[in-house]
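J.: Heads up: the first sequence at position 35 corresponds to 35 in full-length UniProt numbering, and the numbers run straight through without jumps. Beta carbons are placed, not taken as given, at the ideal position from N, Cα and C, and that holds for glycine. Here you go, one structure.
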Amino acid sequence: MPELPEIETVRLQLAKVLPGKKIRKIEILKLKSFQGKKELAEGKEVIGVKRMAKVLLIDLAGDIDIAIHFKMTGQLVFEPAVQKSTKYEVPSAKGRIVGGHPTKDFTGELPSKHTRVIFRLDSGTLYFNDQRLFGWVMVNSEFKIQNLKFLQNLGPEPFDITGEEFEKLVSRSKRPIKLVLMDQTVISGVGNIYANDALWEAKVNPRRLANTLRGNQYKELYKSVLGVLREGIRYGGATAADAKYINLHGLGGHYQEHFRTYDREGEECLREDGGIIHKFSLGGRGTYFCPVCQR
DNA sequence: TTAAATGTTTAAAT
DNA sequence: CATTTAAACATTTA
């Protein structure tokens, strides 16, 4: 599910609470969701929380890393340790840190039926939940994780390149521009939501072949990719439509309230140019655009 | 019942 | 070889 801004949002939150805490025990509830050796992490202290594109990295003492890929429906929930003074309080979602795919697991009792891995800390508990089981948690040496094929093959994040480099990377392909934006080996971190919105911002048709953008469209697209990603981070990521219950608790992000095209099929283009947002399938993914301004 | 969902990989077809 | 399409991976919801 989550793209770069959603993972970055979790990272920022977890970076406030995890460093200094120790992993006491890792419980694997679903084998498919876990790779590596949990013993390597048990007893180790968290040093920092990092991110590579859409992958979250929890850095532990002794050059051990926990890598987490959320895929479509992964989520993390950090439950702080219950304070003695609140011993008699009814358990609530208050004080939780949540991130990733929004479901009622954010606020419900944990572990839930979607909980796949539990990290017992010396203070608090971190739950990895994943409805569709595409995601994974990996514990291994920093070396092994850095050498994962998936991470090795990642292209640079948009934040780390110039407009000229962006144009060079993207225009090498003759595929439709949207597919190239979402190709993690070309540019990493951009997924379906932000690709749709960035193309709208730059007034580029998702189908346009990546080597045939006109004039300043490469520069415009570069700027709009950075823009929507930064905005996503500023709003704490997107938490999608079924998040009413979650927002009630003040959890989850708000980017979904600022979608340009995503999930707006049939609605008027925000530019009020008379266009109606049209949806079609490109590369097997829902693709939204305005036929008037994105030609 | 069918389709689609913030992702990635693989195989088969062009 | 480059590219495209479809399917696969589970599950849930519309």
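Do you know how far the Cα of residue 102 is from the Cα of residue 114?
T.: Approximately 12 Å, taken between the alpha carbons.
J.: Specify the secondary structure class of residue 36 as computed by DSSP and reduced to three states.
T.: Looking at residue 36 - three-state DSSP - the assignment turns out to be strand.
J.: Along the chain, which unbroken stretches of the alpha helix (DSSP H) at least 4 residues long are found entirely within the stretch 124-191?
T.: If we require 4 residues or more, the alpha helix (DSSP H) runs fully inside the stretch 124-191 come out as 142-146, 149-152, 163-170 and 177-182.
J.: In the DSSP output, which residue or residues are listed as bridge partners for residue 288?
T.: Per DSSP, 279.
J.: Taking DSSP's pairing of strands, which residues face residue 105 in a bridge?
T.: Its beta-bridge partners do not exist; DSSP assigns none.
J.: Going along the chain, which unbroken runs of the beta strand (DSSP E) with 3 or more residues stay wholly within the stretch 192-270?
T.: Entirely contained in the stretch 192-270, not one beta strand (DSSP E) run reaches 3 residues.
J.: Residue 61: buried (16+ other C-beta within 10 angstroms of its C-beta) or exposed?
T.: Burial call: exposed.
J.: Would you check if there are 3 or more beta carbon pairs closer than 8 Å linking the stretch 151-165 to the stretch 114-132?
T.: Counting Cβ pairs under 8 Å, fewer than three are found: no touch.
J.: Are the beta-carbon atoms of residue 288 and residue 196 separated by less than 8 Å?
T.: In contact: residue 288 and residue 196 (Cβ atoms closer than 8 Å).
J.: With respect to the alpha helix (DSSP H) encompassing residue 24, which residues constitute its N-terminal and C-terminal limits?
T.: From DSSP, residue 24 is part of no alpha helix (DSSP H) but of the beta strand (DSSP E) over 23-28.
J.: Leaving out the 5 sequence neighbours to the left and right, which residues in its chain are closer than 6 Å to residue 222 when beta-carbon positions are compared?
T.: Excluding sequence neighbours, residue 222 sits near 163 and 166.
J.: For the candidate residues 150, 284, 49 and 291, whose alpha-carbon lies nearest to that of residue 276?
T.: Comparing Cα positions, the closest option is 291.
J.: If contacts are defined as beta-carbon pairs under 8 Å, then residue 178 and residue 282 qualify, I think. What distance do you get, rounded to the angstrom?
T.: About 6 Å; that satisfies the 8 Å criterion.
J.: Whose C-alpha, out of 189, 68 and 132, is nearest the C-alpha of residue 154?
T.: It is 189.
J.: Among the candidates 172, 110 and 225, whose CA atom is the shortest distance from the CA of residue 209?
T.: Taking only the C-alpha atoms, the option nearest residue 209 is 172.
J.: Rounding to the nearest angstrom, what Cα-Cα distance links residue 266 and residue 185 in this structure?
T.: C-alpha separation (whole angstroms): 33 Å.
J.: Given a cut-off of 8 Å, decide if residue 33 and residue 120 are closer than it, judged by their beta-carbon atoms.
T.: No, these two residues do not count as a Cβ contact at 8 Å.
J.: For residue 9, which of helix, strand or coil comes out of DSSP?
T.: Here residue 9 sits in helix by DSSP.
J.: So what's residue 31 in DSSP terms, helix, strand or just coil?
T.: Residue 31 falls in the helix class under three-state DSSP.
J.: Buried or exposed, going by whether 16 or more other CB atoms sit within 10 Å of the CB of residue 273?
T.: It counts as exposed.
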